[in-house]
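The next block holds one structure in the form of structure tokens; read it before the comments.
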């Protein structure tokens, strides 16, 4: 299992087996805070009773350490030990005090109990398998569970839902039989007597919407938002290794850079990373260059070429374990690859502001669109082709609830869409793609705008503070006005980041055709109507469709399930 995840932490590895034989903990370390050997994991408290393995960062660990120092004898300067000490003092209630991204497991040897949790929006992953004979196996990545001998069999209901509706996230289900994911904002306990118990410790709707809409003035809310934005940037620059910024030409990442200047000053020399494809219809280089024109930031431009896609897609697909989001994810792979070359271990990204503050165009039509679907930005053509599925397989697809039904109490259509995207649609899939592609290159990706306080503040606002004059993210735009060049802050929302549509029907057509044929030869052959798939593919290649989402679905099935795929060898020692 440790070897299967070596890319997630190449700096050190460790393992612990409890004296009782009830628990074993393994860890791959990517050193970010406290680079000394003292920061290695698994880590115990001074008594040796409690042991922790932890993935992620607790950004407010210094503040928590100051609270805990009278009750706990710290031996390291790591946030891992702060997390363990927080659990020992506050128990499960420690979760509400954490500002960070995390997945962790704590084993209590004397109490014969494991406790673990995942952060509020699922930035860091945790998967598990319950063997038929009892016990629990957990890991950050699915491939580590397969390495124990869990059969690599596709979950047909998950695949049917994905191919019919486009939904990547399916609650606790994954694309593989017998493997589940701990949901975002969930925690668990496990004992040999009672087995596994999972509960939700955080739901953004409960935290943000129970008190009703924010009735303060625009200025009051803007002041709070700016203060939170500044603090979240300061916290996420806590690191003992170099930190960089993912920079596109959009408002979010440009605002991120503007906030870095506000916190660090105009002389900041943080490296920036931007991917592009050499197509002016999609590349955001003019906005990036305008943003950097009068700064001291070294700019690292990372080009993705069509010739690289087949080999890179295979590598990224192997790291993702489940279907991923196409060429934009490959573009981010180029960014993280370049970060390795530049010696930058941590990168900041701009995810979360669109969902928290209603930045997507379809939010302006909340209440009038088919809100049960997850639309493809900028497309009028249906994003999936359920008619290409065999009827028996299509019947396995799980129906998608409308966003309004997901909330515990009636709320506005806009807030329902935001909640759907935060908890069930856009953020879960974006975090999965981002975590796997960054960890593929042993880079840590931090999401300042997904700070729960910023998201909760956004959800509580009335519509006019988020959507005004035909644009979303109204208050963040007002804040950006004082930080960004005019042309950047007024740049249009550009949902399509790569020429995926053109490349798949152009230079990548032979490769795409091979992947589709591979899908029709593997397990997916029983799911897909081959004649209809080939007819739709021919129609697509003729230029008849304005999105390539369904094409990439079939490519994903080919890459993941095609006949050339082989299950990993069974590792008998590990399941013993």
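In the numbering used here, the protein residues as written are 16 to 591. Quick reminder that beta carbons are idealized off the backbone N, C-alpha and C, glycines included.
- When secondary structure is reduced to three states using DSSP, residue 265 falls in the coil class, being assigned neither helix nor strand.
- DSSP places residue 143 inside the beta strand (DSSP E), whose first and last residues are 142-144.
- Around the beta carbon of residue 559, fewer than 16 other beta carbons lie within 10 angstroms, which makes this residue exposed.
- Rounded to whole angstroms, residue 161 and residue 454 show a C-alpha spacing of 18 Å.
- Counting along the chain, the unbroken alpha helix (DSSP H) around residue 434 starts and ends at 428-438.
- Between residue 258 and residue 446, the C-beta spacing is not below 8 Å.
- With a beta-carbon spacing of about 6 Å, residue 421 and residue 434 fall inside the 8 Å limit used to define contacts.
- Going by C-alpha positions, residue 204 is about 7 Å away from residue 213.
- Per DSSP, residue 123 is one residue of the beta strand (DSSP E) stretching across 115-123.
- Per DSSP, residue 177 is not a residue of any beta strand (DSSP E); the alpha helix (DSSP H) it occupies stretches across 171-180.
- If you check the CB distance, residue 121 and residue 151 do not come in under 8 Å.
- In the three-state scheme derived from DSSP, where H, G and I count as helix and E and B as strand, residue 404 is classed as strand.
- The C-beta of residue 25 has fewer than 16 other C-beta atoms within 10 Å across all chains shown, which makes the residue exposed.
- Counting every other CB atom within 10 Å of its CB across the protein chains shown gives residue 142 a total of 16 or more, marking it as buried.
- Judged by their CB atoms, residue 486 and residue 480 are not nearer to each other than the 8 Å cut-off.
- The beta-bridge partner set that DSSP reports for residue 214 consists of 202.
- By the CB criterion at 8 Å, residue 268 and residue 261 fall inside the cutoff.
- Residue 351 carries a helical assignment under DSSP once its states are collapsed to helix, strand and coil.
- Separation of the CB atoms of residue 576 and residue 169 is rounded to 6 Å, and the pair is thereby assigned contact status at 8 Å.
- DSSP places residue 378 in the helix class (H, G or I) of the three-state scheme.
- Remark: C-beta atoms of residue 95 and residue 54 approach each other more closely than 8 Å.
- Contact between the region 217-224 and the region 470-480 is present, with at least three C-beta pairs closer than 8 Å.
- Residue 252: not part of any alpha helix (DSSP H); DSSP gives it neither H nor E.
- Counting only the Cα atoms, residue 376 lies some 52 Å from residue 32.
- The three-state reading of DSSP puts residue 71 in strand, counting E and B together.
- Distances from the alpha-carbon of residue 465 to those of 325, 30, 61 and 114 put 114 closest.
- Ranked by Cα distance from residue 462, the first of 209, 116 and 237 is 116.
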